[in-house]
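Chemist: Chains as they are written, first to last, in the UniProt record's numbering: chain G, 1 to 433; chain H, 1 to 433.
Below is a structure I'd like to ask you about.
Written out as structure tokens, the structure is:
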């Protein structure tokens with residue numbers, strides 16, 4: 001049952017509760033477990049990696065078996081229907097096209113006195129992608145992580161993913177990895193896989209950046225290794241916020257809410273509308289669509305705990321509430337979505353109009369589906385090519401330029417009490433006595 | 001005494017030791033302390049903030065006294081010499097000019113079938129800047145953090161800095177903050193200041209991004225609150241790597257090495273040269289410049305532990321070693337620095353030629369002096385305007401576009417077992433039966 005809220009302060013409190021829901025979990029105890037796993041893999045390499053794979057994934061691998069072989073990759077293509085391969089190729093093409101737009105380019109600026117300043121962009125040497133197994137084993141995740149890395153021209157892209165009960169990796173995931181240009185794949189998951197990528201083992205290469213979603217252990221591991229390597233973000237459970245007006249189709253809105261709820265019992269699905277009538281209708285459609293839903297139990301749980309329809313006075317009020325929540329996905333199912341856009345301050349991805357369900361962005365519109373969650377859109381961005389790039393500042397001064405700046409530098413170094421800083425300029429600009 | 005290393009594998013091992021030096025500290029015990037401080041401030045707000053300020057900074061403030069007043073800011077201008085104010089203004093102007101270059105702009109792309117895709121950049125609502133006190137109380141730090149935030153058009157920029165023994169903030173720091181446009185200043189430091197910015201208290205506003213350097217407690221606090229807020233980086237001790245050829249002036253190179261070493265006993269100063277003779281001369285100049293150095297003890301300690309000259313066969317070999325280290329600051333004191341640049345893969349800031357000492361970049365060349373340390377230049381960038389911006393993906397589909405993509409989306413949603421994802425497209429594209 002989709003709850004309907006008409007009261008502003010209740011809506012605010014509920015949105016805050018939902019935003020904080022990821023912190024409800026017993027994170028503290030898990031941190032110690034994760035630390036132990038990280039330390040063991042750092043110290044013992046493959047040996048620890050194999051022991052944890054036995055313990056957590058019930059697979060008795062040797063080190064040689066960690067890497068997915070070429071013949072397994074070939075076999076995957078025989079197992080996946082041609083039509084699905086074609087869909088993956090279409091998605092890859094569109095994701096690549098979007099990520100190629102406006103990639104930051106190195107530049108220099110030539111100023112007075114032969115001063116040259118600039119920024120030089122270079123890719124990381126190695127990237128590591130985490131692809132979850134089990135309930136969330138998605139080829140789309142592979143594409144959304146690997147394609148930007150390859151657009152950034154990362155020379156070596158390694159992927160890790162937990163083995164299934166048969167010790168294998170989902171063939172659709174393998175095909176997506178091949179299509180996206182992943183260079184090597186290891187069947188290892190959990191915090192131990194993050195440790196392997198951060199520190200390297202005899203088999204798994206040490207990387208510079210780790211991206212991709214995962215369960216709470218993977219997230220805690222990413223946070224702990226941050227600083228040793230770069231990470232994309234700390235992703236929590238997924239969420240959609242739909243702003244809809246009286247012209248929105250309640251059946252469409254309901255489908256969009258359920259498309260989020262069906263991910264995970266922790267997923268959040270929120271409607272904000274200026275039409276109380278629409279809220280009622282959407283609630284009814286949600287009920288109807290749930291009747292035969294193949295993932296009904298899980299989806300109902302999400303709707304019950306983290307689903308709601310909020311009725312407000314105006315679309316401006318809806319935008320204000322949305323900004324407080326800073327949703328991962330924001331759908332504007334309204335007649336004039338571009339007119340409301342300037343009022344939106346924080347959102348991971350914004351889907352405009354009645355014909356843009358989130359699903360189109362989840363798979364193949366092109367923009368990334370790895371987005372900031374749990375209010376992180378206040379300060380964070382979607383995964384992008386820049387996740388795999390970094391820049392260096394470039395500075396070249398001429399003797400004349402340095403001479404002109406020497407006085408100001410001298411005053412500032414003196415104020416900060418750093419004599420050698422001052423001397424390094426003076427020794428270049430003052431006549432030897 | 002600057003040690004000279006001629007052996008490649010010894011050089012590699014030494015560079016690795018130096019890169020890992022920040023991890024030598026007893027981080028583990030401090031993490032528990034930091035966690036306690038964060039939790040207390042989160043729960044008790046100002047009360048905890050004032051108690052920790054009493055305990056760690058020996059200042060008995062009331063909540064009203066936390067914020068620096070307008071009359072204190074006015075008084076600061078009377079205390080700071082006009083010439084120094086002018087130098088700060090020059091630095092601010094140049095930093096601002098550089099950071100205004102190539103700020104990412106929102107864009108949209110109009111594709112076939114009325115598909116619109118784009119990226120919209122928006123600033124964070126609030127930024128918090130940490131400015132250290134004590135040995136590292138630097139007006140340049142204020143400028144380098146606050147100016148990019150203001151170029152990003154962050155509406156509210158709050159600064160925190162520990163009070164001095166007299167309970168006041170360094171007037172030069174206050175002038176720099178005023179010049180840079182900081183909106184509010186609080187005299188509070190340490191992990192408790194980071195907690196106040198991350199969670200908010202009755203007096204200190206909750207922010208979206210926290211930037212700025214600090215001691216090990218500040219760094220650990222930033223790492224722990226990452227995810228609740230964004231952070232710039234986890235800065236460790238500072239480092240310079242100078243690549244110099246036979247034409248470099250040994251006295252200049254020595255001054256540049258000492259300008260790094262004088263920061264901190266943990267600072268690293270490394271020369272790599274293809275001229276053994278130059279290495280000897282630089283070592284001699286270092287000795288000479290240390291004789292009357294006002295910060296001799298500290299600086300000598302840094303040189304002894306984390307200083308060295310490495311002699312290699314060629315400048316290409318120097319670049320290769322430098323890439324393994326990924327230095328925060330890289331000086332190319334060589335005849336043709338732009339020719340070696342393509343061989344450099346990782347560095348925070350690169351200073352080209354004989355007339356570009358690091359000090360010019362530390363203060364006023366324009367590029368940011370907050371740079372990735374301890375090898376983080378492998379994956380991270382200097383602090384920049386983007387630190388205070390985030391983007392949202394924009395996606396608008398037309399009914400025709402959605403129709404064309406419906407088949408591929410259906411195949412992928414089926415492969416991932418997410419029925420409502422598929423239904424949200426079907427319900428919009430299939431004729432009602």
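Backbone N, C-alpha and C define an ideal beta-carbon position, used for all residues, glycine too.
Find out if the Cβ-Cβ distance for the pair residue 334 of chain H, residue 243 of chain H is shorter than 8 Å.
Modeler: Counting from 1 along the second chain, the entry for residue 334 of chain H is found at position 334. Counting from 1 along the second chain, the entry for residue 243 of chain H is found at position 243. Yes, the Cβ-Cβ distance between residue 334 of chain H and residue 243 of chain H is below 8 Å.
Chemist: Thinking just about the alpha-carbon of each residue, which of H/275, H/264, H/256, H/279 is nearest to the one in residue 289 of chain H?
Modeler: Mapped onto the second chain, residue 289 of chain H falls at position 289. Checking every option, the nearest Cα to that of residue 289 of chain H belongs to H/256.
Chemist: When the cut-off is 8 Å and only beta carbons count, does residue 447 of chain G lie next to chain H?
Modeler: Here chain G comprises residues numbered 1 to 433, so residue 447 of chain G is not present and cannot be evaluated.
Chemist: For chain H, find out if any of its Cβ atoms is closer than 8 Å to the Cβ of residue 56 of chain G; answer yes or no.
Modeler: Mapped onto the first chain, residue 56 of chain G falls at position 56. No, its Cβ sits nowhere closer than 8 Å to a Cβ of chain H.
Chemist: Answer yes if the region 384-391 of chain G comes into contact with the region 102-111 of chain G, meaning at least three C-beta pairs across the two stretches below 8 Å, and no otherwise.
Modeler: As far as the Cβ criterion goes, the region 102-111 of chain G touches the region 384-391 of chain G, which means the pair count is three or higher.
Chemist: For the region 356-363 of chain G against the region 420-428 of chain H, do three or more pairs of beta-carbon atoms, one drawn from each stretch, fall closer than 8 Å, so that the two count as touching?
Modeler: The answer is yes - the region 420-428 of chain H touches the region 356-363 of chain G, with three or more Cβ pairs under 8 Å.
Chemist: Could you say if the region 244-263 of chain G and the region 36-48 of chain G meet the contact criterion of at least three C-beta pairs nearer than 8 Å?
Modeler: The region 244-263 of chain G is not in contact with the region 36-48 of chain G.
Chemist: Residue 301 of chain H touches chain G at which residues, Cβ-Cβ below 9 Å?
Modeler: For the purposes of this step, residue 301 of chain H is taken as residue 301 along the second chain, with counting starting at 1. Simply none; closest approach about 14 Å.
Chemist: Should residue 73 of chain H be counted as a contact of the ligand FAD given a C-beta to heavy atom distance under 7 Å?
Modeler: In the structure on display, the ligand FAD does not appear, and there are no ligands present to speak of.
Chemist: Would you say the region 65-81 of chain G touches the region 107-121 of chain G, given that touching needs at least three Cβ pairs under 8 Å?
Modeler: In short, these stretches do not touch, since the Cβ pair count stays below three.
Chemist: What's the gap between the Cα of residue 250 of chain H and the Cα of residue 356 of chain H?
Modeler: Translated into positions along the second chain, residue 250 of chain H becomes position 250. Translated into positions along the second chain, residue 356 of chain H becomes position 356. If you take the alpha carbons of residue 250 of chain H and residue 356 of chain H, they lie about 14 Å apart.
Chemist: Per the contact definition of three or more C-beta pairs closer than 8 Å, is the region 159-176 of chain G in contact with the region 1-16 of chain G?
Modeler: Result no; under three Cβ-Cβ pairs closer than 8 Å.
Chemist: Which one or two residues does DSSP pair with residue 110 of chain H in a beta bridge?
Modeler: Numbered from its first residue, the second chain carries residue 110 of chain H at position 110. The partner list for residue 110 of chain H (beta bridge, DSSP) reads H/116.
Chemist: I need the straight-line Cα distance from residue 278 of chain G to residue 345 of chain G, nearest angstrom please.
Modeler: The count along the first chain starts at 1 and reaches residue 278 of chain G at position 278. The count along the first chain starts at 1 and reaches residue 345 of chain G at position 345. If you take the alpha carbons of residue 278 of chain G and residue 345 of chain G, they lie about 25 Å apart.
Chemist: Using DSSP's beta-bridge definition, name the partner residues of residue 98 of chain H.
Modeler: Counted from its first residue, the second chain places residue 98 of chain H at position 98. According to DSSP, which records beta bridges pairwise, residue 98 of chain H is partnered with nothing at all.
Chemist: Check residue 295 of chain G in the structure and name its three-state DSSP category.
Modeler: The residue labelled residue 295 of chain G in the question sits at position 295 within the first chain. Reduced to three states, the DSSP call for residue 295 of chain G is coil.
Chemist: Do the CB positions of residue 238 of chain H and residue 372 of chain H come within less than 8 Å of each other?
Modeler: Taking the first residue of the second chain as 1, we reach residue 238 of chain H at position 238. Taking the first residue of the second chain as 1, we reach residue 372 of chain H at position 372. Cβ atoms of residue 238 of chain H and residue 372 of chain H: not closer than 8 Å.
Chemist: In its own chain, which residues sit with a C-beta less than 8 Å from the C-beta of residue 391 of chain G, not counting the 5 before and 5 after it?
Modeler: If you number the first chain from 1, residue 391 of chain G lands on position 391. Excluding sequence neighbours, residue 391 of chain G sits near 104, 106, 119, 120, 121, 122.
Chemist: Using 8 Å as the threshold, is the region 171-188 of chain G in touch with the region 144-156 of chain G, meaning 3 or more CB pairs across them?
Modeler: Touching, per the Cβ criterion.
Chemist: Could you tell me whether the Cβ of residue 42 of chain G comes closer than 8 Å to any Cβ of chain H?
Modeler: One-based indexing of the first chain puts residue 42 of chain G at position 42. No, because no Cβ of chain H sits closer than 8 Å to the Cβ of residue 42 of chain G.
Chemist: Would residue 286 of chain G and residue 254 of chain G be called neighbours here (beta carbons separated by less than 8 Å)?
Modeler: The residue given as residue 286 of chain G occupies position 286 in the first chain. The residue given as residue 254 of chain G occupies position 254 in the first chain. In this structure, residue 254 of chain G lies closer than 8 Å to residue 286 of chain G by Cβ.
Chemist: Quick one, are the C-beta atoms of residue 240 of chain G and residue 358 of chain G less than 8 Å apart?
Modeler: Taking the first residue of the first chain as 1, we reach residue 240 of chain G at position 240. Taking the first residue of the first chain as 1, we reach residue 358 of chain G at position 358. Closer than 8 Å, so yes.
Chemist: Applying a beta-carbon distance threshold of less than 8 Å, which residues of chain G neighbour residue 262 of chain H?
Modeler: For the purposes of this step, residue 262 of chain H is taken as the residue at position 262 of the second chain. Within chain G, the residues near residue 262 of chain H are 418, 419, 420, 421.
Chemist: Between residue 190 of chain H and residue 56 of chain H, is the Cβ-Cβ spacing less than 8 Å?
Modeler: Residue 190 of chain H sits at position 190 when you count from the first residue of the second chain. Residue 56 of chain H sits at position 56 when you count from the first residue of the second chain. Yes; because the gap between Cβ atoms is below 8 Å, this pair is in contact.
Chemist: Closer than 9 Å by beta-carbon distance: list the chain G residues that pair up with residue 367 of chain H, in chain order.
Modeler: Counting from 1 along the second chain, the entry for residue 367 of chain H is found at position 367. Within chain G, the residues near residue 367 of chain H are 117, 118, 119, 393, 394, 395.
Chemist: Taking Cβ-Cβ distances shorter than 7 Å, what residues in chain H pair up with residue 357 of chain G?
Modeler: Taking the first chain and counting its residues from 1, the one referred to as residue 357 of chain G is at position 357. Near residue 357 of chain G (Cβ distances below 7 Å), the residues of chain H are 424, 425, 428.
Chemist: Can at least three beta-carbon pairs, one atom from the region 123-132 of chain H and one from the region 72-82 of chain H, be found at a separation below 8 Å?
Modeler: At 8 Å Cβ cutoff, the stretches do not touch.
Chemist: Please state if the CB of residue 29 of chain H and the CB of residue 311 of chain H are separated by a distance shorter than 8 Å.
Modeler: Residue numbering aside, residue 311 of chain H sits at position 311 when the second chain is read from its first letter. Residue numbering aside, residue 29 of chain H sits at position 29 when the second chain is read from its first letter. Against a cut-off of 8 Å, the Cβ pair of residue 29 of chain H and residue 311 of chain H comes out as no contact.
Chemist: Identify the contact partners of residue 21 of chain G in chain H, using a Cβ-Cβ distance below 8 Å as the criterion.
Modeler: On the first chain, residue 21 of chain G is found 21 positions in, with the first residue counted as 1. The premise fails here: residue 21 of chain G is roughly 14 Å from chain H at the closest Cβ pair, so nothing lies under 8 Å.
Chemist: Which residues in chain G have a C-beta closer than 8 Å to the C-beta of residue 251 of chain H? List them in chain order.
Modeler: If you number the second chain from 1, residue 251 of chain H lands on position 251. Within 8 Å Cβ-Cβ: 427.
Chemist: How is the beta strand (DSSP E) around residue 144 of chain G delimited, first residue to last?
Modeler: Looking up residue 144 of chain G in the first chain gives position 144. Here residue 144 of chain G belongs to no beta strand (DSSP E); instead the alpha helix (DSSP H) covers 139-151.
Chemist: Helix, strand or coil for residue 351 of chain H per DSSP?
Modeler: Along the second chain, read from residue 1 onward, the residue named residue 351 of chain H stands at position 351. If DSSP states are grouped into helix, strand and coil, residue 351 of chain H belongs with the strands.
Chemist: So residue 74 of chain H and residue 401 of chain H are in contact, right, with Cβ under 8 Å, and what is the actual spacing, rounded?
Modeler: Counted from its first residue, the second chain places residue 74 of chain H at position 74. Counted from its first residue, the second chain places residue 401 of chain H at position 401. The pair is not a contact, with the Cβ atoms about 60 Å apart (cut-off 8 Å).
Chemist: Does the beta-carbon distance from residue 379 of chain G to residue 208 of chain H come in below 8 Å?
Modeler: Within the first chain, the letter at position 379 stands for residue 379 of chain G. Within the second chain, the letter at position 208 stands for residue 208 of chain H. It is a contact, given that the beta carbons lie within the stated cut-off.
Chemist: Going along the chain, which residues of its own chain have a beta-carbon closer than 8 Å to the beta-carbon of residue 319 of chain H, five neighbours each way excluded?
Modeler: Walking along the second chain from the start, residue 319 of chain H turns up at place 319. Excluding residues within five positions, the ones whose Cβ falls inside 8 Å are 243, 340, 343, 344.
Chemist: Between the C-alpha atoms of residue 54 of chain H and residue 163 of chain H, what's the straight-line distance to the nearest angstrom?
Modeler: On the second chain, position 54 is the one that residue 54 of chain H refers to. On the second chain, position 163 is the one that residue 163 of chain H refers to. Spanning the two alpha carbons is a distance of roughly 11 Å.
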